[in-house]
Amino acid sequence: MTVHDIRVGESKRGDASDGGADAVGGRLSRVDGPAKITGAAKYAVEQQLEGLAYAVLVESTIASGKVRAIDSKAAEAAPGVLKVLTPDTIISLKTASDWFGTPPPDRPYCPLARDITFSGQHVAAVVAETFEQAVAAAAMVKVSYDETPSIVDLSDGKAGDGIPVDAMTKEWGDAQAAFASAPVRICAAYNTPREYQAPMEPHGLIARWEGDHLTVWEPSQWLDGMARTYAEWFAVPFENVRLVSPYVGGGFGSKALALSHGAVAASAAKMLGRPVRLVMTRAQTFTGYGGRAATRQTVTIGADHDGLIQSIVHRGVNETSIDGMWVEPLGSVTSIMYATPNFSSRQNVVRVNSVVPGAMRAPGENPSAFGIESAIDELAYEVGIDPLEIRLRNYAEQDPHAKKAWSTRQLREAFAAGAERFGWARRTPEPRSMRDGNYLIGWGVAAGTYPVRRAYGEAVVRILADGSVEVESSSIDMGQGTYTILAQTAAETVGVSADDVVVKLGDSRFARAGVSGGSRLAGVMTGAVYKAASSALDQLIGLAIGDPRSPFHALQANTLVVANGRITAPRGDGPDVSIADLLKSVGRDRIEATGDTMPANSTAEDRYKNYTTIAMALPHTEGDYSRHSWCAHFVEVRVDEDFGTVRVSRVVSALDSGRLYNPKLAESQWKGGIIMGIGQALLEEGIVDRRHGRIVNNNLADYLVPTNADIPDIEVISVGIPDLHSSVLGGKGVGELAIVGMAPAIANAVFHATGKRIRDLPITLEKLI
Amino acid sequence: MRDFSYLRATSADAARQTAALPGAMLLAGGTTLIDLAKCGIAEPDTLVDITHLEGLDRIEIDERGAIIGALATMSHVADHADIKGRFPAISEALWQAASAQIRNMATIGGNLMQRTRCPYFRDPSNFAACNKREPGSGCSAIGGVTRGHAVLGTSEACIAMYPGDLATALVAFDATVHLGDRRILVDDFFLLPGTTPDKEHAIEPGEMITAIEIPSSAAVRRSTYLKVRDRQSYEFAAASAAVGLELEADGRTIRDLRVALGGVATKPWRARAVEDALKGKMLEPEAVRAASLLAVEGAVDHGANHYKIELAPRVVARAILKMGETA
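First to last, the sequence lines map onto chains A and B. Last residue of the first sequence? That's 769 in this note's numbering, and every number before it is there in order. Last residue of the second sequence? That's 1096 in this note's numbering, and every number before it is there in order.
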């Protein structure tokens, strides 16, 4: 298996400006880039296996009710069909624990539903010799239902107020009283619709059993977590499950968990004794797992005439499913962005007939920022203060909720750098005061933040006989650049060129890693690789100094220098030997070291729990500090006054992600978040047919994500400084930060352009004409 | 598995005869047909591939007009220097349609046969009622998600919007479809849904589109296609207008005006009321705006698509005024 062996030297290096690209902080180009753009990269479901069979899902066409009967006779008789799986014929599985590792109830789990709680639920699957045969036969499966009334969405009269989530309550001071007595009061409701991750690579897998050992090739943001779920479903030891995910074609939160379609495919493989491939259709990616929950927030702010906030009262609601629980923490940004002596945030969840929503780029922070960063803009206009100035006046010098110092907070610097570069001082404050022909011009600002989530990772670093370095970890690369930054980390730490580092990821047999989500992977894994590589280097130097066969033995040095793959004495007064020659001289064919970011004295059980659940993740407010990334977005929009169409014409964002391990890749991720934010602000919305409870724009022609033509030049400025409270090497989160605050920055710019405050995303043209 | 035969036509006559057989369909660029097959809407028994027929991709332009072969690709026509220079609305309609990849594959003949994007039409397994798919089964769109549905030319049987751009420009300039020797105005080629929304085109079994013909006119020479949508690229029109303008020698009086609407009607929609109201009048912004309101006379909304009634006249007015500004 070599598909996931990435040798840095095979790819083009960074551009001409990339001096020192090999080291941490260098602008090394993505080492997996050439393989991806030439098609050489083999994705999980592209494995060619002997005897592969193909599974296709049959989904419910009602949103609520029961399956009365499934008539699969015609499908079973169709050419090539091997099996039709229904709730009656599929093997029984065990319920798996959730991602916190909570012990599950002892009851069977069936990934095919008898009780229907949303349209698009898996009810059956057809397995055939070829994909085409399975598709044709799946269409012959006739499912009849007893339908019951459904709750369509948050606005459904039957939805009610929902269930309070006490864990989300954050309160200090007396927010209601302070609001009542405040001289300036604003109150508004903000809504965000269902949004979808829409990764280019749809979800799918190949499952193969050999005895009681299961191998699953599946795009994954969390090999060890998904392996745990498969192991629990099928009641086999964790070690018997191998997940392989060499590349991931976009996840955005949607590929972190083993999902019901995976259980179907793995069950089919077990029942047939053959490997089975199952890939979702694009339409199924809108119902086979959850996108971002629809949300509703009310934000009330009491302030004085100078715009100083005295009270914030926040109430949030998000959708969840009938039988699943998803909480989108809507008070997460509200409670920390601004200093306020009085605060109250509470949240409910409302059950609707939808698939259980899931994680999507900055869950919680993203909609939360749309509320508070729109509301502060409304306050700015109410009191007649510049929207940037009011943010500085209410700057939180410490975490207002945790009452702890920020580890680092370069937000003031971000506002300053962004405003300078954008030319904010030239803005005329009045709405509709800037115009270019038919276009109303608007400038808006908003801030964003994302907590530094810290977890654990493990890596193996080997120094091989030829002097090259090998890094192994079960962490993954979904496009964010893990292969690249881990090569840089190992290269710098050991003292070799990045050309001489091979990084192997995406195989659960490798050293373990926690979830690649919550923007935590880079901080965790650079730390783990740094520790493993340091340990390998120590061994290398130890051999060079201590082994009697070493050419350095006679030198009696305390230490040696390794650089560019060669070993020398610190003062250069001794031999100059390549790593390969040193290993040869001492009779070793390799040096191997394992490093991790686990607390010392961790037990095997701790390790298992740390890598396969999120229960042990360190709170971002642990100890004396509150740790977050920060950003400020400055946006220009052009709104056609007659047509209501909004185009983003300029973006300048200044961001504090701490130290950047690779600025080129960090900038790409920031820009990706900004682009996704433009889509969220202007285009993206899952539209439900209220009679059928079904998403009707379940394809990429009708669910609109931005095209290149929608995206202007984006300028990103790094204002971060190393934050050693946040990670071993000083970085904070990158991947999710930049989407946070983009939608309110655009909505605020639209208000400045048009005088119309749009509080319901997306800002489509009919809301402005 | 659904088997079908694939035949490669050796001549236009052979293609026509084969395609007339029950269950047979012509295959050109495939961008519509394969999409519809995946949706479970098109279920051909035989595909007759005409892409290798010689001579059907020619673009011939003389003083009388342009004749564009049915197999010319959208991108080829959009980029053709004389189309851009002498029939600008045609080129603009084409390059604002679909995506670059689709335009490189899709043919002009196939483009005319493009079907609606109505989500209810396109999802037979979830929405059984669709008069366009199954005559008499009802209309799932009425009472459903209607943001993209038509406000003009609808019937109780169907409110599906015609999504194309090219045909909108074609009807503005009195283009004709060549069905072999038979000629028919593009405006007549597209049918209103009425009680038979399943019948979309005036084409009979055994007929094949061989070309479209666009007569030269001063109006088409000074023409534009304005397409308004939420997404800048790769989206169907919220509303669009094809406009051609000819002024008298005084440079201010409208001698000839052509207006057609896209994105708002069940077929490419010629707005003759706007044309008639402005012909012979001075080109004044207020008059143009007032007359443009006639474009949506008789429009009926279904809730979420109401904005189209507001938007379409604004698009028409902008396009006319833009043409007035060009010397």
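Every residue gets a Cβ at the ideal spot worked out from N, C-alpha and C, and that includes glycine.
Item                                                                                                                                                                 : Value
Look up A:W670 in the DSSP assignment and say whether it is helix, strand or coil.                                                                                   : helix
If I measure Cβ to Cβ from B:M874 and keep anything under 6 Å in the same chain, skipping five residues before and after, which residues do I get?                   : G798 and T800
From which residue to which residue does the beta strand (DSSP E) around B:E829 run?                                                                                 : I828 to D831
Taking contact to mean at least 3 C-beta pairs separated by less than 8 Å, is the segment 914 to 925 of chain B in contact with the segment 938 to 949 of chain B?   : no
Consult DSSP for A:S254 and reduce its assignment to one of helix, strand or coil.                                                                                   : coil
Between B:Y994, B:C908, B:F942 and B:S986, which has its C-alpha nearest B:D967's C-alpha?                                                                           : B:C908
Below 9 Å between beta carbons: does that hold for A:R191 and A:L761?                                                                                                : Looking at the sequence provided, one finds Asn at residue 191 of chain A rather than Arg. Yes, the pair counts as a contact, with Cβ atoms nearer than the cut-off.
For the beta strand (DSSP E) containing A:T482, list its first residue and its last residue.                                                                         : Where A:T482 is concerned, there is no enclosing beta strand (DSSP E), although the alpha helix (DSSP H) it sits in stretches over T482 to V494.
Strictly below 7 Å CB to CB, what residues from chain B border A:E766?                                                                                               : Y1076
Using a 10 Å radius around the Cβ and a threshold of 16 neighbouring Cβ atoms, would you call B:E832 buried or exposed?                                              : exposed
Would B:Y889 pass as an interface residue toward chain A - the criterion being a Cβ-Cβ separation below 9 Å?                                                         : yes
Please name the residues in the segment 624 to 654 of chain A whose beta-carbon is closer than 7 Å to at least one beta-carbon of chain B, in chain order.           : D642, F643, T645 and R647
Would you list the one or two residues that DSSP bridges to B:I810?                                                                                                  : DSSP lists no partner for B:I810.
Would you report the Cα separation of B:L995 and B:A783, rounded to the nearest angstrom?                                                                            : 40 Å
Since A:R694 meets chain B, which of its residues come closer than 7 Å, beta carbon to beta carbon?                                                                  : N895
Under 9 Å, Cβ to Cβ, is there at least one residue of chain A near B:G1080?                                                                                          : Reading the sequence as shown, one finds Leu at residue 1080 of chain B and not Gly. Yes - at least one Cβ of chain A is within 9 Å of the one on B:L1080.
Closer than 9 Å between beta carbons: that is the criterion. Which residues of the segment 995 to 1024 of chain B meet it against chain A?                           : V997, R998, D999, R1000, Q1001, S1002, Y1003, E1004, F1005, A1007 and A1008
How long is the line joining the alpha carbons of B:A778 and A:D71, rounded to whole angstroms?                                                                      : 41 Å
Which of the three DSSP states, helix, strand or coil, is assigned to A:N191?                                                                                        : strand
Tell me, please, whether the CB atom of A:L704 is closer than 9 Å to any CB atom in chain B?                                                                         : yes
Using a Cβ-Cβ cut-off of 8 Å (strictly less than) and excluding sequence neighbours within five positions of B:S906, which residues of its own chain qualify?        : A897, A898, C899 and N900
Quick check on DSSP: helix, strand or coil for A:S11?                                                                                                                : Reliability of the predicted coordinates at A:S11 is poor, the pLDDT of 44 falling under 50, and no value is obtained from them.
Residues of chain B with CB under 8 Å from A:R691, in chain order?                                                                                                   : G912 and G913
Do the CB positions of A:S473 and A:V494 come within less than 9 Å of each other?                                                                                    : no
Look at the alpha carbon of A:A53 and the alpha carbon of A:P193, and state the distance between them as a whole number of angstroms.                                : 38 Å
Mapping DSSP to helix, strand and coil, what is A:V648?                                                                                                              : strand
Leaving out five residues on either side along the sequence, give the residues of the same chain with a beta carbon under 7 Å from the beta carbon of A:A743.        : F370, G677, Q680, A681 and L761
From A:K854 to A:A490, what distance separates their C-alpha atoms?                                                                                                  : In the structure displayed, chain A extends from 1 to 769; residue 854 of chain A sits before or after that span and is not available.
Please confirm whether A:D710 has its beta-carbon closer than 9 Å to some beta-carbon of chain B.                                                                    : yes
Can you list the residues of chain B that A:P79 reaches, using a CB-CB cut of under 8 Å?                                                                             : M770
Determine whether the Cβ of B:G1072 lies closer than 9 Å to any Cβ atom of chain A.                                                                                  : no
Spatial neighbours of A:G120 within its chain, please: CB distance less than 6 Å, with the 5 preceding and 5 following residues excluded, ordered by chain position. : E59 and T287
Spell out whether any CB of chain A is found under 9 Å from the CB atom of B:G917.                                                                                   : yes
For A:V276 and chain B, any beta-carbon pair shorter than 9 Å?                                                                                                       : no
Using beta-carbon positions only, say whether B:D1025 and B:A988 come within less than 9 Å of one another.                                                           : yes
Using a C-beta cutoff of 9 Å, does A:V123 count as contacting chain B?                                                                                               : no
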